[in-house]
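Colleague: Have a look at the structure that comes next, please.
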Amino acid sequence: MMLLIALLFISGVLGTGIEEILDYVYGEDPERPVCKPVTGGTPVFTCNNETIPILKISSFHMSQHPMKPGAVDLDLVAKLTRTIEKGATLQLQSFKGKNTPIFNGTLDLCEAVEFASYHCPVKPWEAFDRIQQTMEVPDDVPTNSYSFLATALTKKGELIARVAASIKIDNELVKEEL
């Protein structure tokens, strides 16, 4: 829930195609995840393979896609099955266009979810089943595709969630080669 919305903000609203990103990141690695679309008609995928994640995403909806500068409403339905404690990490890889890396690193998940007013430890019964939030796409984000692959892990390395998305920005004010 908060993970996916945090990813959109952290990544700067990122994407190319999901398979292209997986090819770029994993190549022929047997650990390459299999991604399945999230219900809601958006270009968001869960990539958990057969692992049962701690955050089970049911649906995700964006008020517009491709996105344009201005307000975009996000609606995430998910269930947190266990507490997320301090020490959880977010491994994030983001790309612009055809696999041009923007960011590749590990973030503190607890810091990343603070924008949504959550603080670690996030307990399932204190958390949410649904988050509705509005984000602003800045006027200076160029027209392009932006993608991300993000893996959230507990302090012990257990999978919280793995999410991928390929999002298009259509900005009449700032055009860029796709």
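Quick note on numbering: the sequence shown equals residues -15 to -1, 1 to 163 in mature numbering (1 follows the signal peptide of the UniProt record, and there is no 0). The beta carbon of each residue, even a glycine, is placed where N, CA and C say it ideally should be.
#1: Taking the alpha-carbon positions, what's the Leu158 to Tyr131 distance?
#2: How far does the beta strand (DSSP E) with Tyr9 in it reach, from first residue to last?
#3: Since Ile145 and Leu138 are thought to touch, with beta carbons under 8 Å apart, how far apart are those beta carbons, to the nearest angstrom?
#4: Answer with buried or exposed for Asn147, where buried requires no fewer than 16 other C-beta atoms within 10 angstroms of its C-beta.
#5: Per DSSP, Tyr131 forms a beta bridge with which residues?
#6: Using only CA atoms, which one of Asn33, Val19 and Asp124 lies nearest to Gly143?
#7: Any idea what DSSP makes of Val98, helix, strand or coil?
#8: Would you call the CB atoms of Leu7 and Cys20 closer than 8 Å?
#9: Check for me: the beta strand (DSSP E) holding His50 runs from which residue to which?
#10: Please work out which residues of its chain come closer than 6 Å, Cβ to Cβ, to Thr91, disregarding the five sequence neighbours upstream and downstream, and give them in chain order.
#11: Rounded to whole angstroms, what is the Cα-Cα separation between Lys153 and Ala56?
#12: On a Cα-Cα basis, can you pick out the residue from Asp155, Pro106 and Gln117 that is closest to Thr128?
#13: For Ser79, decide whether its Cβ has a neighbour in chain C, counting only Cβ atoms nearer than 8 Å.
#14: Can you check whether the CB of His50 is closer than 8 Å to the CB of Gly25?
#15: Applying the 10 Å Cβ sphere with the 16-neighbour rule, what's the burial state of Ile3?
#16: Which value, in whole angstroms, describes the spacing of the CA atoms of Pro123 and Lys81?
#17: Among Lys140, Lys141 and Thr136, which one has its Cα closest to the Cα of Phe30?
Modeller: Concretely, from the data shown:
#1: As a working note, residue 158 is residue 173 in the sequence shown. As a working note, residue 131 is residue 146 in the sequence shown. Straight-line Cα distance between these residues: approximately 17 Å.
#2: Here the question's residue 9 lines up with position 24 in the sequence shown. Looking at the DSSP string, Tyr9 is not in any beta strand (DSSP E); the run it does join, the alpha helix (DSSP H), is Ile3 to Tyr11.
#3: As a position in the sequence shown, residue 145 is number 160, starting the count at 1. As a position in the sequence shown, residue 138 is number 153, starting the count at 1. Confirmed, about 6 Å.
#4: Here residue 147 refers to the residue found at position 162 of the sequence shown. At residue 147 the sequence reads Arg, which differs from the Asn that was named. Buried, by the Cβ-count rule.
#5: Indexing the sequence shown from 1 puts residue 131 at position 146. Tyr131 is bridged to Lys81 and Ile152.
#6: By one-based count along the sequence shown, residue 143 stands at place 158. The question names Gly, but residue 143 is Glu in the sequence shown. Of Asn33, Val19 and Asp124, the residue nearest in Cα terms is Asn33.
#7: Within the sequence shown, residue 98 is the residue found at index 113, counting from 1. Residue state, collapsed to three classes: helix.
#8: Translated into the one-based positions of the sequence shown, residue 7 becomes position 22. Translated into the one-based positions of the sequence shown, residue 20 becomes position 35. Yes.
#9: Here the question's residue 50 lines up with position 65 in the sequence shown. From DSSP, His50 is part of no beta strand (DSSP E); its letter is neither H nor E.
#10: What you label residue 91 is simply residue 106 of the sequence shown in a count that begins at 1. If we look at Thr91 and ignore the five residues flanking it on each side, its Cβ neighbours are Thr74 and Gln76.
#11: As a working note, residue 153 is residue 168 in the sequence shown. As a working note, residue 56 is residue 71 in the sequence shown. Rounded to whole angstroms, Lys153 to Ala56 spans 15 Å at the Cα level.
#12: On the sequence shown, position 143 is the one that residue 128 refers to. For Thr128, the nearest C-alpha among the options comes from Asp155.
#13: Absence of chain C from the displayed structure is noted, only one protein chain being present.
#14: Sequence index remark: in the sequence shown, residue 25 carries index 40 (1-based). Sequence index remark: in the sequence shown, residue 50 carries index 65 (1-based). No, they are not a contact pair.
#15: The residue labelled residue 3 in the question sits at position 18 within the sequence shown. Buried, because 16 or more other Cβ atoms sit within 10 Å of the Cβ of Ile3.
#16: Here residue 123 is taken as the residue at index 138 of the sequence shown, counted from 1. Here residue 81 is taken as the residue at index 96 of the sequence shown, counted from 1. Spanning the two alpha carbons is a distance of roughly 16 Å.
#17: As a working mapping, residue 30 is identified with position 45 in the sequence shown. Among Lys140, Lys141 and Thr136, the Cα nearest to that of Phe30 is on Thr136.
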